[in-house]
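If you read the sequence shown in this note's numbering, its first letter stands for residue 1175, the second for the next number, and so on.
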Amino acid sequence: MTAPSTFAHQTPSASAPTPPLHEKALLNMLDNMEELTTLYKQELDAIELRDMQKFSSLQPEKDRLVKNCEARMGEIATQSVQLKSVSPALKERVMNAETTLRELALKSQRACKIRAESMKRVQHRLLEAARYAIGSNQTHYNSDGRTDNSRNRPVATAFNEAI
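Structure (structure tokens):
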């Protein structure tokens, strides 16, 4: 029986050299953008399925990821000189991720706007129906403060012979 290799227990990141800080910042932002892309896809699915509970539950995570992305952009902006030495493949990955993210954000924004306008129309119709219902069944009070039930009593169209 041979002894197990010591290399079998190493993780790929342990054997790979650590990237420079400016590349690490870009890779962190790229990971963040990919998470945000996944979240936008989930959000669009929730909107399409009209699952507002799911949509609402995604918002805190979306806010966190957007704030992280902004913080990472701040880190990257401080290292603009070193970014010129980043590999073209990494630059392309970041640009593709940014384009995808921008498209998904615009789709989400349009879908949210359409849903909001729809909700406003429904609310307007409900309010109009409620106003109409209140106006047509309005209770009238007489000078004594009692309801005027005479409107609801049947009106005689002929005299009763017993009178």
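Heads up, the beta-carbon is just placed ideally off N, CA and C, and yes, glycines get one too. All figures in this text were calculated on a predicted structure; none of them were measured in a lab.
- Residues of the same chain with a CB within less than 6 angstroms of the CB of Y1214, apart from the 5 flanking positions on each side, are L1278, S1282 in chain order.
- Under the DSSP assignment, Q1233 falls in the alpha helix (DSSP H) whose first and last residues are 1226–1251.
- In this structure, the beta-carbon distance from N1242 to N1270 does not fall below 7 angstroms.
- Burial is judged here by how many other beta carbons sit within 10 angstroms of a residue's own beta carbon; R1246 has at least 16 and is buried.
- Here the stretch 1228–1237 makes no contact with the stretch 1294–1306; the two share fewer than three CB pairs at distances below 8 angstroms.
- The beta carbons of T1211 and T1274 sit about 6 angstroms from each other, so the pair counts as a contact at 8 angstroms.
- Counting the other Cβ atoms within 10 Å of the Cβ of I1288 gives fewer than 16, which makes it exposed.
- Less than 7 angstroms divides the Cβ of L1204 from the Cβ of V1268.
- Just so you know, the alpha carbons of L1201 and P1194 end up roughly 10 angstroms apart.
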